[in-house]
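Throughout the sequence shown, residue numbering follows the working numbering, covering -7 to 780 in sequence.
Ideal Cβ positions, reconstructed from N, Cα and C, are used throughout, including at glycine.
Because the structure is a prediction, the values reported are computed rather than measured.
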Amino acid sequence: MLTLLDQLDKGTLWRSPGGIHPPEVKFLSNTTPISQLPLAQEYLVPVPQVGENCTLAVKVGDKVLKGAPLTQGTSIWHLPVHAPTSGTVVTIEPRASNHASALPVNTCVIAADGEDRWCELTPGSIELSNHEMIAKIHGAGIAGMGGAAFPSHIKLNPVSEIELVIINGVECEPYISADDRLMREYSQDILAGIGIIHRLLAPKRIVIAIEDNKPEAIKAMQQAVSQSALPAGSTRVTAIPTKYPSGGEKQLIQIITGREVPSGAIPAKLGIVVHNVGTAFAIHQAVTQGKPLIERVVTVTGQNVGKPGNYWLPIGTPVEHVLKYTEFNAEADQKVIIGGPMMGHALPTIQVPILKGTNCILVPSSQEIGTTPEEKACIRCGECANACPALLLPQQLFWHAKAEEYDKAASYNLKDCIECGCCSYVCPSDIPLVEYYRIAKSALKQAADEKHQAERAKQRFEARIQRLEEEKLAREAKAKEAAARRQATMTSTDKNAVAEAMARIAAKKAAAAETTADNAPVEVVAADASSTEAPKGKAAVAAAIARAKAKKAAAAQGADDAESSQQAVSPEQSEPTEQTESLSQKDKVAAAIARAKAKKAALKADSDANSDTDAATSNTDKSATETTANAEADDKKAKVAAAVARAKAKKAAAQQAESSEVAEVQPERVADAKPESESGSIPSTPLSPEDEKKAKVAAAVARAKAKKAATQQAESTEVAEVQPKLAVDAEPDSESGSQSGDESSSVAEPSAPLSPEDEKKAKVAAAVARAKAKKAAREANAISDANE
């Protein structure tokens, strides 16, 4: 059984399914050599890949030379573009694209200077390494010249091993003759490019396929093969039957090898690579001469062109400029088609550029291609299925595409459609089937792009989250390492210092806790004494009043001691009596007078406190943060007044408790004692232990009775018995009381604010004084109950 290579050597061919035989009409353009057109005033070079996988290498106002790169790639899929002539970059902006939709695409506009000067080129040779050759091909921007414009450096660097290379010179599209003329005139250059391909891919066979309607091209290529340096028997020219679309990549592979490329697969999986003859010519120029792909052969044909033929057109040449110099005769509703009549598309405007994949500009007359007929309903004849070279079901694709059921259309292998137009050509209902398929493909492509972008966004988000987590872990690890280094380098002195500092902090905390615990009841008492809603100034006034009362209590204690001492050291004033019954009556009167005075003193103290509190309350809104102006003077006077009252009370109590010592006391003793108390004279003679004990007992009894009288607030019966004498004795007291009232009123008008520390101390002192007073009252009550 013959192998594939044996069959290739014999020239065996296989029949491809489908296809049609439309009029060729190639004679309009294939009879004249390839020529040049004058330079255009400006060139429109699309740069659609900018922002995706490349960046601009020029800016507005830059001078560029012919062949200078306009973009710099950042990806292997980047296809560089170059300046088609020398000139100035006048603008970079969106312009109409060479597409049926004419959607704007980013375009670099170059104003030609007319000099057409080349930039410095770097020629190479066949001796370059494969990597260097592929780099030069990539840098030259070589793409598929058959119409797909796929990057050639990708196809020349496949992953799998390549056994067969097919050079496509079929050119089956009607009207187009660019490859025909190129093979006739540049067969040697094409063979040189094929030699570079052979060097890079090292295939076992190379087949140059040409339709049998191009005998001149077949002859020229056979002659070039016989003169080439390629290994003998490795390359052959094969003529294939003329049928459209035999030039399709998958269709040509099936004709040459009998193998069918699976759906969704590429020919490289079968060990086959297909290149156009124009691509081989461009590879030769890029590697050996260093020229980038800046021009190509374009067929300009149609009955409305005065000079049809093939022209070397720089990439970016406006279509309008080409038609102008080929004597374009426009008609009403004139169509200008890019590509052939089967696979081309009509332009909405002629202000669009020539691209790397543009192989024909067709300007037909109304007799060649009439108006588009009205679409009729599908009659399900099946002719489209018979003509389809990809063995698809065009009617099913049409129904799903028209209903916008693009997923169902994709399930019928819509992506395998090569848009050859055979189905539309044979359709008796004049349905533009290819247009429906193109719309469906665009919708599917857009959906796929959106899905891809969403997936990329998700990947970027996940990568960001992972990066942030890694950075966090790195920071934590760095902090731990720094702490470990500090711990390792810390000296014993540093450790001791740290320990001491920690000990001081602990001690301060303990002291603060103890102080808080000690002050807790005091703070509670202080909170009970004043309203929680009162301002700080009111608390300061109350604290000042409390301090004054505390000092009064201390002065009273001192006066008691002085009174007791005076009584103890003045025995000469006490005389024995013989009439105990009469003295007992006097003692009762004196005790009653003393109790009345003590009660009056207590009432005065309470009245003073109330008046002080009322005055402080009335002035709180105006001067809440002020303190007393003459605190020490107030304290001294308050001490004297309180001492007088308590001394009289304690004296009377002592006289009642010790009847033996006060038996000789005369009624005028009370009057004598009063000026002594008011003068504040305190004897300095020391007391005996027994007298001191008695004096303390008497003082305690007097204080208890004074406190009891202050709490009860009503002892009117005893006051009434001594009213005449009490008025005389109380006159100086009332004067001092009024003075104290005046002074207490002055307390309500503080002139200097207290500091937070003084305010706190005042609160504490007031609370302590009140606590002591309550404790003394309780003790006095207990003693009084025991004595009674």
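Item to check | Residues near Ile431 in its chain [Cβ-Cβ closer than 8 Å; skip 5 each side] | outcome: Answer for Ile431: Ala393, listed in chain order.
Checklist entry - In whole angstroms, what separates the C-alpha of Pro284 from that of Leu347? => result Here the alpha carbon of Pro284 sits roughly 14 Å from the alpha carbon of Leu347.
Next on the checklist: What does the alpha-carbon distance come out to for the pair Glu707 and Lys591?
Outcome noted: Residue confidence for Glu707 is low, a pLDDT of 44 falling below 50, so the modelled location carries little weight; the figure read from the coordinates is stated next. Our two residues, Glu707 and Lys591, have alpha carbons roughly 8 Å apart in a direct line.
Next on the checklist: According to DSSP, Thr80 sits in a beta bridge with which residue or residues?
Outcome noted: Beta-bridge partners assigned by DSSP to Thr80: Lys55 and Ala103.
Checklist entry - If we ignore side chains and look at the alpha-carbon of each, how far apart do His337 and Ile286 end up? => result Between His337 and Ile286, the C-alpha separation is close to 23 Å.
Item to check | Exposed unless 16 or more other CB atoms sit within 10 angstroms - verdict on Lys643 | outcome: Residue environment analysis places Lys643 among the buried positions, since at least 16 neighbouring C-beta atoms fall within 10 angstroms of its C-beta.
Checklist entry - Is Leu244 near Asn160, with beta carbons less than 8 Å apart? => result If you check the CB distance, Leu244 and Asn160 come in under 8 Å.
Next on the checklist: Assuming Tyr167 and Pro424 are in contact, meaning their beta carbons sit under 8 Å apart, how far apart are those beta carbons, in whole angstroms?
Outcome noted: Contact between Tyr167 and Pro424 does not hold, since the beta-carbon distance rounds to 20 Å and is not under 8 Å.
Next on the checklist: Please classify Gln246 as buried or exposed, where buried requires at least 16 neighbouring CB atoms within 10 angstroms.
Outcome noted: Label assigned to Gln246: buried.
Next on the checklist: Taking the alpha-carbon of Ala402 as reference, which of Leu436, Ile186 and Glu427 has the nearest alpha-carbon?
Outcome noted: Distance check between Ala402 and each of Leu436, Ile186 and Glu427 places Leu436 closest, using alpha-carbon atoms only.
Checklist entry - CA-CA distance, Pro306 and Ile146? => result Pairing Pro306 with Ile146, the inter-Cα distance amounts to about 24 Å.
Checklist entry - Given that a residue counts as buried once 16 or more other Cβ atoms are within 10 Å of its Cβ, and exposed if not, what is Lys368? => result Exposed, because fewer than 16 other Cβ atoms sit within 10 Å of the Cβ of Lys368.
Item to check | For Leu48, the first and last residue of its enclosing beta strand (DSSP E) | outcome: Taken as a continuous stretch (DSSP letters only), the beta strand (DSSP E) holding Leu48 covers Cys46 to Leu48.
Item to check | Arg197, enclosing beta strand (DSSP E) - first and last residue | outcome: Judged by DSSP secondary structure, Arg197 falls within the beta strand (DSSP E) whose first and last residues are Arg197 to Glu203.
Next on the checklist: Within 10 Å of its beta-carbon, does Tyr128 have 16 or more other beta-carbons around it, so buried, or fewer, so exposed?
Outcome noted: The sequence given here has Lys at residue 128, not Tyr. For Lys128, the number of other beta carbons within 10 angstroms of its own is at least 16, and it is reported as buried.
Next on the checklist: With H, G and I counted as helix, E and B as strand and the rest as coil, what does DSSP make of Gly65?
Outcome noted: Reduced to three states, the DSSP call for Gly65 is strand.
Checklist entry - How many whole angstroms separate the CB atoms of Asn205 and Thr234, which I take to be in contact at a CB cut-off of 8 Å? => result With a beta-carbon spacing of about 5 Å, Asn205 and Thr234 fall inside the 8 Å limit used to define contacts.
Checklist entry - Where does Ile129 sit, in a helix, a strand or coil, going by DSSP? => result In the three-state reduction of the DSSP assignment, Ile129 falls in the helix class, which pools H, G and I.
Item to check | Straight-line gap, Asp721 to Arg587 (C-alpha atoms, nearest Å) | outcome: Reliability of the predicted coordinates at Asp721 is poor, the pLDDT of 44 falling under 50, and no value is obtained from them.
Item to check | Touching by the beta-carbon criterion (3+ pairs, under 8 Å), the segment 314 to 326 and the segment 194 to 209 | outcome: Short answer: they don't touch.
Checklist entry - Cα separation between Gly3 and Gln219? => result The straight-line gap separating the alpha-carbon atoms of Gly3 and Gln219 is approximately 20 Å.
Item to check | Gln28 (DSSP reduced to helix, strand or coil) | outcome: Gln28 carries a strand assignment under DSSP once its states are collapsed to helix, strand and coil.
Checklist entry - Taking the alpha-carbon positions, what's the Met213 to Met137 distance? => result If I take the Cα positions, the gap works out to 18 Å.
Checklist entry - Taking DSSP as the reference, what is the three-state secondary structure of Glu323? => result Assignment of Glu323 by DSSP, reduced to helix, strand and coil, places it in the coil class.
Checklist entry - Shorter than 8 Å from the beta carbon of Val162 to some beta carbon of chain B? => result Although the question refers to chain B, the structure presented lacks it and comprises just one protein chain.
Checklist entry - For Glu16, which residues of its own chain have a beta-carbon under 7 Å away from its beta-carbon, when the five flanking residues on both sides are left out? => result Within the same chain, Glu16 has close Cβ partners Pro166 and Asn205.
Next on the checklist: Using the three-state DSSP reduction, which class does Pro420 fall into: helix, strand or coil?
Outcome noted: Pro420: coil per DSSP, three-state reduction.
Item to check | CB of Pro195 within 8 Å of CB of Glu155, strictly | outcome: Yes, the Cβ-Cβ distance between Pro195 and Glu155 is below 8 Å.
Item to check | As assigned by DSSP and simplified to three states, the class of Gly161 | outcome: Correct three-state label for Gly161: strand.
Item to check | Under 8 Å between C-beta atoms of Ser21 and Gly298 | outcome: Remark: C-beta atoms of Ser21 and Gly298 do not approach each other more closely than 8 Å.
Checklist entry - Which of the three DSSP states, helix, strand or coil, is assigned to Pro207? => result Correct three-state label for Pro207: helix.
Checklist entry - Taking DSSP as the reference, what is the three-state secondary structure of Val307? => result Here residue 307 turns out to be Ile, not Val, going by the sequence shown. If DSSP states are grouped into helix, strand and coil, Ile307 belongs with coil.
Next on the checklist: Quick check: what's the CA-CA separation for Ile638 versus Arg695?
Outcome noted: Strictly speaking, residue 638 in this sequence is Arg, with Ile absent from that position. Rounded to whole angstroms, Arg638 to Arg695 spans 7 Å at the Cα level.
Checklist entry - Ser416: which of His267, Pro14 and Ser8 sits nearest, CA to CA? => result Ranking the options by Cα distance to Ser416, first place goes to Pro14.
Checklist entry - If we count the other Cβ atoms within 10 Å of its Cβ and call it buried at 16 or more, is Ser169 buried or exposed? => result By the neighbour-count criterion, in which a residue is buried when 16 or more other Cβ atoms sit within 10 angstroms of its Cβ, Ser169 is buried.
Item to check | Element boundaries [beta strand (DSSP E), containing Thr341] | outcome: Where Thr341 is concerned, there is no enclosing beta strand (DSSP E), given that its DSSP letter is neither H nor E.
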